[in-house]
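2 protein chains.
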Amino acid sequence: MLQAAREAFATHGAATTVSMIAQRAGVGIGSLYRRYGSKDDLLRQLCLLAMEQSIQAAQSALDNPDAWTGLTEYIQTCVAQGTGALAPLAGTIDTTPEMWSLARKGRRALERLVARARDQGDLRPDATALDVAWLIELFSRLSPERHDTAARSRLLALALDGLHTGASQPLPGPLPSARRYERRWRRPKP
Amino acid sequence: MLQAAREAFATHGAATTVSMIAQRAGVGIGSLYRRYGSKDDLLRQLCLLAMEQSIQAAQSALDNPDAWTGLTEYIQTCVAQGTGALAPLAGTIDTTPEMWSLARKGRRALERLVARARDQGDLRPDATALDVAWLIELFSRLSPERHDTAARSRLLALALDGLHTGASQPLPGPLPSARRYERRWRRPKP
DNA sequence: TTCTATCGGAGCGATCTGCTCCGGTATGGG
DNA sequence: CCCATACCGGAGCAGATCGCTCCGATAGAA
Numbered sequence: 039m040l041q042a043a044r045e046a047f048a049t050h051g052a053a054t055t056v057s058m059i060a061q062r063a064g065v066g067i068g069s070l071y072r073r074y075g076s077k078d079d080l081l082r083q084l085c086l087l088a089m090e091q092s093i094q095a096a097q098s099a100l101d102n103p104d105a106w107t108g109l110t111e112y113i114q115t116c117v118a119q120g121t122g123a124l125a126p127l128a129g130t131i132d133t134t135p136e137m138w139s140l141a142r143k144g145r146r147a148l149e150r151l152v153a154r155a156r157d158q159g160d161l162r163p164d165a166t167a168l169d170v171a172w173l174i175e176l177f178s179r180l181s182p183e184r185h186d187t188a189a190r191s192r193l194l195a196l197a198l199d200g201l202h203t204g205a206s207q208p209l210p211g212p213l214p215s216a217r218r219y220e221r222r223w224r225r226p227k228p
Numbered sequence: 039m040l041q042a043a044r045e046a047f048a049t050h051g052a053a054t055t056v057s058m059i060a061q062r063a064g065v066g067i068g069s070l071y072r073r074y075g076s077k078d079d080l081l082r083q084l085c086l087l088a089m090e091q092s093i094q095a096a097q098s099a100l101d102n103p104d105a106w107t108g109l110t111e112y113i114q115t116c117v118a119q120g121t122g123a124l125a126p127l128a129g130t131i132d133t134t135p136e137m138w139s140l141a142r143k144g145r146r147a148l149e150r151l152v153a154r155a156r157d158q159g160d161l162r163p164d165a166t167a168l169d170v171a172w173l174i175e176l177f178s179r180l181s182p183e184r185h186d187t188a189a190r191s192r193l194l195a196l197a198l199d200g201l202h203t204g205a206s207q208p209l210p211g212p213l214p215s216a217r218r219y220e221r222r223w224r225r226p227k228p
């Protein structure tokens, strides 16, 4: 049921409606509201699920002795399961302490992954964990149903090649800011 | 006025409303409807403007004797002016022959740009003009107002490094299909 | 001042949203 | 086989929002 919600979100983005989710899950709207009190509650549960799955992907990537392969698998897994497709929700639902805690846990796992790949010399040294997070979010916007899957995987391979060592140009500008990355989730006053 | 529409579209995507455009243009809704008969007409004019500007960018890129520099400038210009931000409109407005004609003209210019960069040995040989088109569309989704500008330019630099020669992994899968790229604009039956 | 042409935005109907709630359906015990 | 009970589905409600109209306000010319 949450899985259906996630798929619906991957294809329709922030415009996803409750009825879309119910239809994709093969249940009625009533059943959906009996389990989750409101749409916002459902979305919060969805965020938790997405973060749990991405953390799990990070941990299984850490099991891979080759850091670079692990990192690329992590990125591909996250993009495939549309982890970043929930990003348009930022600022539209209230957050819970549990969400922030899981988010921090996920970021720490990703940072370990990135640091390890950099230490092994396969990741370009000027790329940060936040760059990887933005990258995943960016590619999650191209839903596999509404866009060309082959084109997306080619672009992702392109970006991964850009992440690899041996690049010519250093990354421009200041390092990406974690505060900015997270601030989007603060709901503005109604 | 069209420029205001383009900016509004870059920040709010497909959810852009007529009143947003009017407000950003500093005019009333009435004036907007006096010039363009309907929202769809306005959007069609907007598409034409966007394609004209991107064609102009391609031609000025062809003036640069260094093909690679010209190509990167073209990509950065298109991303900056949000050429691909109109992509979510595909399938929601009727198309005109003039639009298709301009689109073809733009694609031909981009193909010349890509072929030249490949001939000069700076563009990886397995990247096509359609890959570049998808890339521009992808990055246009991160609007400069709703996302971190620095993060976006870093990611773009990453992708450009991936486009450069010297990459390790060949691009996966079949070549992207132009038919699929254009088919999105065909409006499905209501 | 008066006539005219242009502009702005309140407000209309239509649409769509999240959500409720009741009739229908499946299940299990007697 | 029947009835009581628990669960499920989706028609339909109130509210919000959309594209669009239209008329009073405004600015400029004579």
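Sequence order for the protein chains is A and B.
To convert, take the position in the first sequence, counting from 1, and add 38; that gives the working numbering.
To convert, take the position in the second sequence, counting from 1, and add 38; that gives the working numbering.
The beta-carbon is built from N, C-alpha and C at its ideal position, and this holds for glycine as well.
What you are looking at is a predicted structure, and each value in this text was computed from that prediction instead of being measured.
| request: Could you have a look at Leu81/B and say whether DSSP puts it in helix, strand or coil? | output: helix
| query | In terms of residues, what are the limits of the alpha helix (DSSP H) holding Pro135/B? | reply | Pro135 to Asp157
| query | Which residue or residues does DSSP assign as beta-bridge partners of His202/A? | reply | Leu161/A
| message | Any C-beta of chain A within less than 8 Å: which residues of the region 112-136 of chain B qualify? | response | none
| said: I'd like to know whether the C-beta atoms of Thr115/A and Leu198/A end up nearer to each other than 9 Å. | reply: no
| task | Give the residues of chain B in contact with Gln207/A, contact being defined as C-beta atoms less than 7 Å apart. | result | Ala195 and Asp199
| Near Lys77/A, what residues of its chain come up, given a Cβ to Cβ distance below 7 Å and the 5 sequence neighbours on each side ignored? | Val56
| task | State yes or no: is the C-beta of Leu140/A within less than 9 Å of the C-beta of Met89/A? | result | yes
| query | Can a CB atom of chain A be found closer than 9 Å to the CB of Trp172/B? | reply | yes
| Could you give the C-beta distance for Gln83/B and Ala195/A, rounded to a whole number, given that I count them as a contact under 8 Å? | Contact flag wrong, Cβ pair sits at about 37 Å.
| task | List the endpoints of the continuous alpha helix (DSSP H) containing Met39/A. | result | It is not in any alpha helix (DSSP H) - Met39/A carries neither H nor E in the DSSP assignment.
| message | Is it buried or exposed, Ile67/A, if we count other Cβ atoms within 10 angstroms and call 16 or more buried? | response | exposed
| Quick one: what does DSSP say Trp172/B is sitting in, helix, strand or coil? | helix
| query | Buried or exposed: where does Leu213/A fall if 16 or more other Cβ atoms within 10 Å of its Cβ makes it buried? | reply | exposed
| Straight-line Cα distance separating Pro135/A from Arg218/B | 44 Å
| In or out: Glu183/A buried (at least 16 other Cβ within 10 Å) or exposed? | exposed
| task | Would you list, in chain order, the members of the region 174-195 of chain B that have their beta-carbon closer than 7 Å to a beta-carbon of chain A? | result | Leu176, Arg179, Leu180, Asp186, Ala188, Ala189, Ser191, Arg192, Leu193 and Ala195
| query | Using CA coordinates, which residue listed in Asp160/A, Ala188/A, Arg192/A and Pro126/A is at the minimum distance from Trp172/A? | reply | Pro126/A
| task | Give a yes or no on whether 9 Å exceeds the smallest Cβ distance from Arg218/A to chain B. | result | yes
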